[in-house]
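Read through the structure below, which is laid out as structure tokens, and then see the notes.
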Amino acid sequence: MKKFIIKTLFYLIPFFGVYGYYCFAVKPNVSGDLGILGQIPFGKDYNENLKRNYLTENWVVDTFAVSGKKPAAKKRVKIFTIGDSFSQQGIFGYQNYLAHILGDTVINVKTEGINRHIQTAVSLLNSGLLDSTICRMVIIQQVDRDAVMVLNQIDFEKPYEVPEKSKQAKDANKNGDLYNLCSWIRLQFNYENPIVKHDLKQEYFTHSSFSHELFHYYKDLWFEKTMPADTEKAGENLIRLNEKFAEKGIQMVFLLASDKYDVYRPFMTDDSLPIDTTTSFLSNIPGVFVFDTKGLLQKMVQSGEKDVYMVNDSHWSYKGSEAVAGELACPAHRAGRAVLH
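If you count by the working numbering, then the sequence shown holds residues 6 to 346, one letter each, in order.
Below, the structure written as structure tokens:
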């Protein structure tokens with residue numbers, strides 16, 4: 006019995022040592038969507054420091070496209086936005102900075118499911134739930150890495166259907182610390198790791214430990230698999246999307262949120278890494294106002310601006326939000342094509 010206990014302890018002590026390290030050193034310090042996906046202990050101080058610079062008031066009104074009724078409004082609203090996670094940043098999102106610049110409320114339409122925002126917008130138009138009686142302009146925001154796929158999946162004839170009650174996935178804690186520990190161990194060996202890391206030429210983040218490193222989502226590299234026929238169809242569908250809004254008397258702005266990898270690609274030490282050009286043609290389609298944010302954000306990084314994107318997250322920071330909003334609000338942007346005032 007004594008030998009059995011000794012042998013058992015021989016195996017259990019290392020396990021509890023690793024378990025204790027994870028529970029007390031790693032888990033409490035995981036932050037940002039990349040930190041959560043990759044179980045990376047970025048710490049909490051970084052985000053707290055960014056929060057000190059946020060706007061103090063949120064002028065964005067969220068409305069949910071789930072009721073099947075036209076949004077009630079006392080007056081026609083100037084701008085509606087509908088997009089993916091880049092449009093759900095709340096008080097430090099580009100819509101809030103845009104609202105403060107224009108001195109007017111911005112309405113953000115939230116949707117059910119991943120990458121359902123453009124289809125939802127089209128379906129709202131088809132069902133008469135979105136027209137010029139309630140808004141003048143709609144900003145359709147789409148992250149670059151999914152742009153071709155999402156544009157190609159649009160059903161232009163589909164009416165709006167009230168979605169079933171959302172079955173949102175619970176957070177990772179639903180499986181308990183043991184499951185998360187196993188995930189962390191797996192990721193230490195870089196097995197099926199969704200996060201890719203690259204070295205940077207100089208400091209581009211204010212994080213005390215990761216100022217010279219870029220962490221990004223692996224899907225940022227999916228452009229290498231994009232076929233020319235898919236990009237061509239995406240352009241055709243973008244033209245048709247713009248026409249759908251014009252038919253309802255609404256100006257459409259297509260806001261292309263650049264992938265983190267794309268923005269920082271020129272500043273990585275490895276010059277052999279591929280460059281994404283799959284969606285660059287979208288901004289040159291005649292008659293469609295497309296704002297590709299990559300050029301703007303790269304100029305900020307080039308000038309030495311730190312934390313244009315968050316080191317522990319796949320999204321731009323409040324600095325990126327403010328810059329994007331400033332460009333959207335500028336009457337001179339795109340030779341006068343964007344007039345939001």
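Note that the Cβ used here is the ideal one computed from N, Cα and C, for glycine as well.
For residue i, which beta-bridge partners are listed by DSSP?
{"i": "cysteine 140", "result": "Val82"}
{"i": "isoleucine 87", "result": "Val114, Ile145"}
{"i": "isoleucine 200", "result": "Tyr222"}
{"i": "tyrosine 314", "result": "Trp321"}
{"i": "threonine 68", "result": "Val114"}
{"i": "aspartate 297", "result": "Leu261"}
{"i": "leucine 60", "result": "Note: leucine 60 sits in no beta bridge, so no partner."}
{"i": "leucine 205", "result": "Met273"}
If you count every other CB in all the chains shown that lies within 10 Å of the CB of residue i, and 16 or more means buried, which is it?
{"i": "leucine 302", "result": "buried"}
{"i": "leucine 278", "result": "exposed"}
{"i": "cysteine 140", "result": "buried"}
{"i": "glutamine 173", "result": "Summary for glutamine 173: the model assigns pLDDT 46, below 50, so the residue's position carries little reliability, and this model does not support an answer."}
{"i": "leucine 333", "result": "buried"}
{"i": "alanine 328", "result": "buried"}
{"i": "threonine 274", "result": "exposed"}
{"i": "isoleucine 159", "result": "buried"}
{"i": "alanine 251", "result": "exposed"}
{"i": "valine 258", "result": "buried"}
{"i": "glutamine 256", "result": "buried"}
{"i": "phenylalanine 47", "result": "buried"}
{"i": "serine 308", "result": "exposed"}
{"i": "tyrosine 26", "result": "exposed"}
{"i": "glutamine 44", "result": "buried"}
{"i": "threonine 211", "result": "exposed"}
{"i": "threonine 298", "result": "buried"}
{"i": "threonine 284", "result": "buried"}
{"i": "phenylalanine 194", "result": "exposed"}
{"i": "isoleucine 190", "result": "exposed"}
{"i": "alanine 234", "result": "exposed"}
{"i": "aspartate 276", "result": "exposed"}
{"i": "isoleucine 87", "result": "buried"}
{"i": "glycine 118", "result": "exposed"}
{"i": "lysine 304", "result": "exposed"}
{"i": "serine 220", "result": "It should be noted that the sequence gives phenylalanine, not serine, for residue 220. Buried, since its Cβ has 16 or more Cβ neighbours within 10 Å."}
{"i": "lysine 324", "result": "buried"}
{"i": "alanine 340", "result": "Legend: pLDDT at alanine 340 = 37, less than 50; position of this residue unreliable, no value from coordinates given."}
{"i": "tyrosine 184", "result": "exposed"}
{"i": "serine 137", "result": "exposed"}
Considering Cα atoms alone, identify which of the options is closest to residue i.
{"i": "histidine 122", "options": "Val293, Asn54, Ile144", "result": "Ile144"}
{"i": "leucine 130", "options": "Asn120, Ile119, Met142", "result": "Met142"}
{"i": "proline 199", "options": "Gly300, Leu42, Val306", "result": "Leu42"}
{"i": "asparagine 58", "options": "His320, Asp318, Asp312", "result": "Asp312"}
{"i": "tyrosine 222", "options": "Glu248, His203, Ile96, Gly300", "result": "His203"}
{"i": "lysine 49", "options": "Ala330, Val316, Lys324, His320", "result": "Val316"}
{"i": "phenylalanine 85", "options": "Glu310, Gln100, Gly309", "result": "Gln100"}
{"i": "glutamine 93", "options": "Gly181, Gln146, Gly108", "result": "Gln146"}
{"i": "valine 66", "options": "Tyr184, Lys115, Gly37", "result": "Lys115"}
{"i": "valine 167", "options": "Gln124, Gly181, Thr138", "result": "Gln124"}
{"i": "lysine 56", "options": "Gly95, Lys83, Val31", "result": "Gly95"}
{"i": "valine 153", "options": "Glu241, Asn185, Cys335", "result": "Glu241"}
{"i": "aspartate 225", "options": "Leu39, Gly133, Lys238", "result": "Leu39"}
{"i": "valine 148", "options": "Ile280, Phe294, Ser263, Lys299", "result": "Ser263"}
{"i": "proline 33", "options": "Gln193, Lys304, Tyr314, Asp182", "result": "Asp182"}
{"i": "asparagine 157", "options": "Ala239, Ser90, Leu186", "result": "Ala239"}
{"i": "tryptophan 227", "options": "Thr282, Arg245, Cys28", "result": "Thr282"}
{"i": "lysine 83", "options": "Thr61, Gly108, Glu62, Phe97", "result": "Gly108"}
{"i": "leucine 246", "options": "Asn52, Tyr51, Val155, Asn54", "result": "Val155"}
{"i": "serine 216", "options": "Tyr314, Asn195, Ile280, Ile190", "result": "Tyr314"}
{"i": "threonine 61", "options": "Phe97, Trp321, Gly37", "result": "Phe97"}
{"i": "cysteine 335", "options": "Cys28, Thr68, Ala104, Val31", "result": "Ala104"}
{"i": "alanine 30", "options": "Thr68, Leu186, Val306, Asp267", "result": "Leu186"}
{"i": "lysine 163", "options": "Asn289, Ser326, Gly133, Gly300", "result": "Gly133"}
Write down the C-beta distance between residue i and residue j rounded to the nearest angstrom, noting that I regard them as a contact closer than 8 Å.
{"i": "glutamate 197", "j": "leucine 205", "result": "So it is not a contact: roughly 25 Å between Cβ atoms."}
{"i": "asparagine 120", "j": "aspartate 151", "result": "6 Å"}
{"i": "valine 111", "j": "tryptophan 64", "result": "7 Å"}
{"i": "threonine 236", "j": "phenylalanine 286", "result": "7 Å"}
{"i": "serine 319", "j": "lysine 265", "result": "6 Å"}
{"i": "valine 296", "j": "leucine 243", "result": "For the sequence presented, residue 296 should be read as phenylalanine rather than valine. That belief does not hold up - the Cβ atoms of phenylalanine 296 and leucine 243 are roughly 13 Å apart, past 8 Å."}
{"i": "leucine 135", "j": "lysine 253", "result": "7 Å"}
{"i": "tyrosine 165", "j": "alanine 330", "result": "Going by Cβ atoms, the distance from tyrosine 165 to alanine 330 rounds to 29 Å, so no, they are not a contact pair."}
{"i": "phenylalanine 272", "j": "tyrosine 209", "result": "6 Å"}
{"i": "serine 36", "j": "asparagine 52", "result": "6 Å"}
Under 8 Å between C-beta atoms, does residue i make it to chain C?
{"i": "isoleucine 84", "result": "The chain labelled as chain C is not found in the depicted structure, where only one protein chain is given."}
Contiguous beta strand (DSSP E) assignments of at least 3 residues, all confined to the region 213-267 = 218-222, 256-262
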